[in-house]
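Okay, structure first, notes after.
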Amino acid sequence: MLIAQISDLHIRPRGALAYGVSETNLFAEHAIHALLRLVPRPDCVIVSGDLTDCGLDEEYALLRELFARLPMPVFAVPGNHDRREPFRRAFAEGGYLPPEGDLTFVVDRGPVRIVGLDSLVAGQSHGALTPGTLDFLEAALATRPEAPTLVMLHHPPFATGIGHMDTARLLDGAAELEAIVARHPQVARILCGHVHRSIQAVFGGRICQIAPSVAHQVALDLRPDAPSCFVLEPPGFLLHAVTGGGVVTHTAAIDRAPGPFPFVLPADYPGKARPAGAMTP
Ligand SMILES: [Fe+2]
Ligand SMILES: [Fe+2]
Numbered sequence: 043m044l045i046a047q048i049s050d051l052h053i054r055p056r057g058a059l060a061y062g063v064s065e066t067n068l069f070a071e072h073a074i075h076a077l078l079r080l081v082p083r084p085d086c087v088i089v090s091g092d093l094t095d096c097g098l099d100e101e102y103a104l105l106r107e108l109f110a111r112l113p114m115p116v117f118a119v120p121g122n123h124d125r126r127e128p129f130r131r132a133f134a135e136g137g138y139l140p141p142e143g144d145l146t147f148v149v150d151r152g153p154v155r156i157v158g159l160d161s162l163v164a165g166q167s168h169g170a171l172t173p174g175t176l177d178f179l180e181a182a183l184a185t186r187p188e189a190p191t192l193v194m195l196h197h198p199p200f201a202t203g204i205g206h207m208d209t210a211r212l213l214d215g216a217a218e219l220e221a222i223v224a225r226h227p228q229v230a231r232i233l234c235g236h237v238h239r240s241i242q243a244v245f246g247g248r249i250c251q252i253a254p255s256v257a258h259q260v261a262l263d264l265r266p267d268a269p270s271c272f273v274l275e276p277p278g279f280l281l282h283a284v285t286g287g288g289v290v291t292h293t294a295a296i297d298r299a300p301g302p303f304p305f306v307l308p309a310d311y312p313g314k315a316r317p318a319g320a321m322t323p
């Protein structure tokens with residue numbers, strides 16, 4: 043079972059750039075191509091928020107066109123750049139979102155349970171989990187304790203050291219989320235977006251993982267007074283492989299690169315060559 047996670051597409055109206063610089067619609071096009079190139083094909087795609095830059099209907103319409111080219115289902119939670127009702131309208135056909143209220147959901151894909159939590163605070167950049175959303179998570183975990191579970195929300199519940207993003211992390215409900223996760227050992231990952239970088243930390247005793255953006259990345263600047271800036275470092279996404287032994291997560295590049303080239307060992311290789319004459323590094 044393979045689950046691809048993309049994040050922070052920040053789709054703009056056709057022809058517009060994000061922040062006057064980032065060609066997010068083009069970046070998203072490349073991301074779709076990268077997903078379609080994957081062999082074996084992921085069972086589904088999950089999206090950890092900021093699907094659009096401003097939550098406009100025309101942005102979601104463009105995104106629907108892109109997602110329609112994916113042969114697998116897409117499950118998404120909103121970020122601070124999304125708006126609930128346009129988001130709900132755009133993805134209503136998927137059938138996984140509730141008809142009203144928070145955009146929180148649970149879906150089962152074979153042995154895996156995916157719980158999407160809505161951490162959006164309308165009109166704010168930071169995130170929060172309401173008591174109702176936390177109760178939803180608790181119930182979703184209690185009813186299928188044997189299923190390896192991915193919990194996804196946009197706002198990370200831990201501080202990354204990138205100050206201007208940390209002030210906009212999950213500010214309410216983080217301690218409660220941590221306690222719930224700690225009580226349910228089947229939670230294999232807490233998956234986030236928002237920070238536009240590949241970042242991991244332990245949270246509630248589990249791996250909490252922030253996906254890179256498929257578009258621009260937040261500058262890696264750990265000075266306390268770091269300005270709020272982005273860079274056009276290579277974009278990426280996460281690929282979660284769920285096996286009987288647990289979940290293994292790969293960080294994958296979106297851009298095409300030369301290769302693959304076989305590891306043909308030179309005669310003076312100091313290790314012990316396997317009989318086939320080629321081995322992993
Ligand atoms: Fe974002
Ligand atoms: Fe965000």
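Take the position in the sequence shown, starting the count at 1, then add 42; the result is the number in the working numbering. Ideal Cβ placement from N, Cα and C applies to all residues, glycine included. Please read these numbers as outputs of a predicted model, since none were measured by experiment.
Exposure of residue 271 is indicated by the presence of fewer than 16 other C-beta atoms within 10 angstroms of its C-beta. Counting only the Cα atoms, residue 231 lies some 10 Å from residue 244. Per DSSP, reduced to three states, the secondary structure at residue 209 is coil, with no helix or strand assignment. Residue 255 has its Cβ nearer than 7 Å to a heavy atom of ligand 1. Restricting attention to beta strand (DSSP E) runs no shorter than 3 residues, the stretch 94 to 139 encloses them at 116 to 119, ordered along the chain. One Cα belongs to residue 128, the other to residue 305, and the distance between them is close to 49 Å. In this structure, the straight-line span from the alpha carbon of residue 62 to that of residue 182 is close to 41 Å. By a beta-carbon distance limit of 8 Å, residue 223 does not contact residue 186. Their separation comes to about 15 Å. Here the distance from the Cβ of residue 95 to the nearest heavy atom of ligand 2 is not below 7 Å. Here the C-alpha atom of residue 64 lies approximately 8 Å from the C-alpha atom of residue 274. Taking the Cβ atoms as the reference, residue 140 lies roughly 7 Å from residue 147, within the contact range of under 8 Å. Cβ-Cβ separation between residue 52 and residue 123: approximately 6 Å, consistent with a contact (criterion under 8 Å). Remark: the shortest separation between the CB of residue 235 and any heavy atom of ligand 1 falls under 7 Å.
One alpha carbon belongs to residue 98, the other to residue 285, and they sit about 38 Å apart.
Under a 10 Å Cβ-count criterion, residue 259 is classified as buried, with 16 or more other Cβ atoms of the shown protein chains found around its own Cβ. Taking one beta carbon from each stretch, the stretch 100 to 108 and the stretch 152 to 164 have fewer than 3 pairs nearer than 8 Å; the two do not touch. Selection 261, 287, 301 evaluated against residue 202 yields 261 as nearest (Cα-Cα).
Residue pairing of residue 231 in beta bridges, as defined by DSSP: 192, 249.
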